[in-house]
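J.: Here our numbering is used: the first residue of the sequence shown is 1, the next is one more, and so on.
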Amino acid sequence: MKRREFIKGSAILGMSIATSNLLVANSGMYHENSKRKIYRILNSKGVDVGTLPVMRAFAGNHVDHVSPFVMLDEFGPINLDAGSDPLRVDAHPHAGVTPTTYFLEGTGHHKDSLNFDFQIGKGDFMMFSSGKGAIHMEESGKKLYDEGGVYHGFQIWLNTPAKYKFADPTTTVFRYKDMDLIEEQAYTARVVLGELFGAKSNIETHTPAFYYHINMFDDSRLDIPTDPLHNAFIYLIDGKLELEGGRMLQKNQLALYQRGDSQINLYAQCGAEFLVLGGQPLNEPVYSYGPFVMNDEEQIRQCIRNYNDGLMGNPDVVNR
């Protein structure tokens, strides 16, 4: 692989567009003065990353409403037959950003230039903290190859604050025990990052961030408290979800919220599965080029030089 092949067509670009909002009859919502207002509802768009098809909700755009996150991709659900070729993204670099991977179903294989080689699976959460730069390869995992099954999850990039952009890179995998699970009559919620209703994640981030995986059951309502000064957004995995103002969120859509109020009011008439994410905005310039996310153009140029000089590792070795 030529060192600069990853540049072609890979600059992170916004892939989502504004969509109309549908009013809901027979609404099950109730209304509070402290509810967060919706800024915009977006459609995801299908793109290919290596041999892996994904639904991309945002990538490098809407920064003022999604920071400290900078990209959200859903991969799958895809049914793989035993023995079929792995879905694969060949070795490529990152710098200045932490790609996180969360598996809903199936298994994945991560290998990088830091000498980490992981098989990860359902419920696992991996953070590839790229810092000053490292290379990784991603593909569907050994268990899926041996047995077949469903491959489904998320890669969501968490931006790195300026003071840590050139820190030493590392990779960490977290298991179920690191993330609290809330089980109630109306819903379940896994706290991947942050805290919700007293349940906490043991996973640390540089700045405050939250990441909840929620399933609401039929005819259920849920109020999610947030810091009014933090960003918040919802990605719908399956079902339908009624939001503030009687707006309906459909599968693969993203709702961005305004800051200034606390409660996110939700209603699911026939059940819904979704992610709720957000956190403290970094309020720093964002310059992105392909897999590099920095604070100015010169830092991007430095990343490209470092990659071309082999300082992030050898992609041919990682691909083996």
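Note that the Cβ used here is the ideal one computed from N, Cα and C, for glycine as well.
What you are looking at is a predicted structure, and each value in this text was computed from that prediction instead of being measured.
Have a look at residue 125 and residue 171 and give me their C-alpha separation to the nearest angstrom.
T.: On the sequence shown, residue 125 is found 125 positions in, with the first residue counted as 1. On the sequence shown, residue 171 is found 171 positions in, with the first residue counted as 1. Answer to the nearest angstrom: the Cα atoms are 11 Å apart.
J.: Name the DSSP beta bridge partners of residue 111, please?
T.: Against the sequence shown, residue 111 aligns to sequence position 111. DSSP, once it has assigned bridges, lists 117 and 137 as partnering residue 111.
J.: Suppose the cutoff is 7 Å on Cβ atoms and the five residues either side in sequence are ignored; what does the same chain contact list for residue 200 look like?
T.: Position 200 of the sequence shown, counted from the first residue, corresponds to residue 200. Around residue 200: 180 and 191.
J.: With the cut-off set at 8 Å, would you say residue 158 and residue 100 are in Cβ contact?
T.: For this step, residue 158 is matched to residue 158 along the sequence shown. For this step, residue 100 is matched to residue 100 along the sequence shown. Yes, Cβ-Cβ distance for residue 158 and residue 100 is below 8 Å.
J.: So which of 260, 265 and 185 has the shortest CA-CA distance to residue 249?
T.: Here residue 249 is taken as the residue at index 249 of the sequence shown, counted from 1. Checked all of 260, 265 and 185; the closest Cα to residue 249 is 265.
J.: Just to confirm, are residue 329 and residue 214 a CB contact at a threshold of 8 Å?
T.: For residue 329 there is no data in the structure shown, the boundaries of the chain being 1 and 320.
J.: Pick helix, strand or coil for residue 299, following the three-state DSSP scheme.
T.: Counting from 1 along the sequence shown, the entry for residue 299 is found at position 299. Helix, per DSSP.
J.: Would you check if the distance between the CB atom of residue 169 and the CB atom of residue 207 is smaller than 8 Å?
T.: Along the sequence shown, one-based indexing puts residue 169 at 169. Along the sequence shown, one-based indexing puts residue 207 at 207. No, the Cβ-Cβ distance between residue 169 and residue 207 is not below 8 Å.
J.: Alpha carbon to alpha carbon, how far is residue 223 from residue 88?
T.: Stepping through the sequence shown from its first residue, residue 223 is reached at position 223. Stepping through the sequence shown from its first residue, residue 88 is reached at position 88. Approximately 39 Å, taken between the alpha carbons.
J.: By DSSP, does residue 142 sit in helix, in strand, or in coil?
T.: Taking the sequence shown and counting its residues from 1, one reaches residue 142 at position 142. Note: residue 142 maps to helix in three-state DSSP.
J.: Does the Cβ-Cβ distance between residue 136 and residue 318 come in under 8 Å?
T.: As a working note, residue 136 is residue 136 in the sequence shown. As a working note, residue 318 is residue 318 in the sequence shown. Their beta carbons are under 8 Å apart, which means residue 136 touches residue 318 by this criterion.
J.: Under 8 Å between the Cβ atoms of residue 42 and residue 253?
T.: Walking along the sequence shown from the start, residue 42 turns up at place 42. Walking along the sequence shown from the start, residue 253 turns up at place 253. Yes, the Cβ-Cβ distance between residue 42 and residue 253 is below 8 Å.
J.: Taking the Cβ atom as the reference point for each residue, do residue 260 and residue 230 lie within a distance shorter than 8 Å?
T.: In the sequence shown, residue 260 corresponds to position 260, counting from 1. In the sequence shown, residue 230 corresponds to position 230, counting from 1. Taking 8 Å as the Cβ cut-off, residue 260 and residue 230 do not qualify as a contacting pair.
J.: Taking only three categories from DSSP, how would you classify residue 244?
T.: Taking the first residue of the sequence shown as position 1, residue 244 is located at position 244. In the structure shown, residue 244 sits in a helix (DSSP, three-state: H, G or I).
J.: Let me know the secondary structure DSSP gives residue 147 once reduced to three states.
T.: Here residue 147 corresponds to residue number 147 of the sequence shown, with the count starting at 1. Three-state DSSP puts residue 147 in a helix.
J.: Mind checking who residue 256 pairs with in its DSSP beta bridge?
T.: Here the question's residue 256 lines up with position 256 in the sequence shown. Note: residue 256 sits in a beta bridge opposite 40 and 233.
J.: Name the two residues that bound the continuous beta strand (DSSP E) containing residue 49.
T.: Looking up residue 49 in the sequence shown gives position 49. Note, residue 49: beta strand (DSSP E), 45-49.
J.: For residue 68, which option in 97, 83, 197 and 166 has the closest C-alpha, if you only look at C-alpha atoms?
T.: By 1-based counting over the sequence shown, the position of residue 68 is 68. The shortest Cα separation from residue 68 among 97, 83, 197 and 166 belongs to 97.
J.: Measuring alpha carbon to alpha carbon, tell me which residue in 209, 212 and 262 is nearest residue 228.
T.: Sequence index remark: in the sequence shown, residue 228 carries index 228 (1-based). The option with the nearest alpha carbon to residue 228 is 262.
J.: May I ask you to report which of helix, strand or coil DSSP gives residue 61?
T.: In the sequence shown, counting from the first residue as 1, residue 61 sits at position 61. Residue state, collapsed to three classes: coil.
J.: Is residue 91 closer than 8 Å to residue 145 when the C-beta atoms are compared?
T.: The residue given as residue 145 occupies position 145 in the sequence shown. The residue given as residue 91 occupies position 91 in the sequence shown. Not closer than 8 Å, so no.
J.: Give every residue of the same chain whose Cβ lies closer than 6 Å to the Cβ of residue 117, excluding the five residues on either side of it in the sequence, and list them in chain order.
T.: If you number the sequence shown from 1, residue 117 lands on position 117. So the list reads 111, once near-sequence residues are dropped.
J.: Given residue 36, which residues of its chain have a CB within under 6 Å of its CB, disregarding the five upstream and five downstream residues?
T.: Taking the sequence shown and counting its residues from 1, the one referred to as residue 36 is at position 36. Cβ within range, chain order: 257, 261 and 264.
J.: Ordered along the chain, which non-local residues of its own chain (more than five positions away) have a Cβ less than 8 Å from that of residue 297?
T.: Taking the sequence shown and counting its residues from 1, one reaches residue 297 at position 297. 287, listed in sequence order.
J.: Ends of the alpha helix (DSSP H) at residue 318?
T.: The residue labelled residue 318 in the question sits at position 318 within the sequence shown. Residue 318 -> alpha helix (DSSP H) spans 315-319.
J.: Tell me which residues share the same chain as residue 174 and place their Cβ nearer than 8 Å to its Cβ, disregarding the 5 neighbours each side in the sequence.
T.: Residue mapping note: residue 174 aligns to position 174 of the sequence shown, counting from 1. Only 124, 125, 126, 127, 202 and 203 meet the Cβ criterion.
J.: Out of curiosity, what's the CA-to-CA distance linking residue 133 and residue 46?
T.: What you label residue 133 is simply residue 133 of the sequence shown in a count that begins at 1. What you label residue 46 is simply residue 46 of the sequence shown in a count that begins at 1. Those two C-alpha atoms are separated by around 28 Å.
J.: How far does the beta strand (DSSP E) with residue 123 in it extend, from its first residue to its last?
T.: Start at 1 with the first residue of the sequence shown, and residue 123 comes out as number 123. Premise fails: residue 123 is in no beta strand (DSSP E) and is neither H nor E.
J.: Give the C-beta separation of residue 151 and residue 78 to the nearest angstrom, bearing in mind that I take them to be a contact with Cβ-Cβ under 8 Å.
T.: Against the sequence shown, residue 151 aligns to sequence position 151. Against the sequence shown, residue 78 aligns to sequence position 78. Going by Cβ atoms, the distance from residue 151 to residue 78 rounds to 5 Å, so yes, they are a contact pair.
J.: Considering only C-alpha positions, which residue in the set 120, 103 and 94 is nearest to residue 130?
T.: On the sequence shown, position 130 is the one that residue 130 refers to. Nearest of 120, 103 and 94 to residue 130, Cα basis: 94.
J.: To the nearest angstrom, how far is it from the Cα of residue 106 to the Cα of residue 238?
T.: As a working note, residue 106 is residue 106 in the sequence shown. As a working note, residue 238 is residue 238 in the sequence shown. Approximately 17 Å, taken between the alpha carbons.
J.: Using a Cβ-Cβ cutoff of less than 8 Å, which residues in the same chain neighbour residue 306 once the five nearest sequence positions on both sides are dropped?
T.: Against the sequence shown, residue 306 aligns to sequence position 306. So the list reads 95, 132, 133 and 312, once near-sequence residues are dropped.
J.: Measuring alpha carbon to alpha carbon, tell me which of 205, 211 and 242 ends up nearest residue 342.
T.: Nothing can be reported for residue 342, as the shown portion of the chain is limited to 1 through 320.
J.: Ends of the beta strand (DSSP E) at residue 167?
T.: As a working mapping, residue 167 is identified with position 167 in the sequence shown. Note, residue 167: premise wrong, no beta strand (DSSP E); not H, not E.
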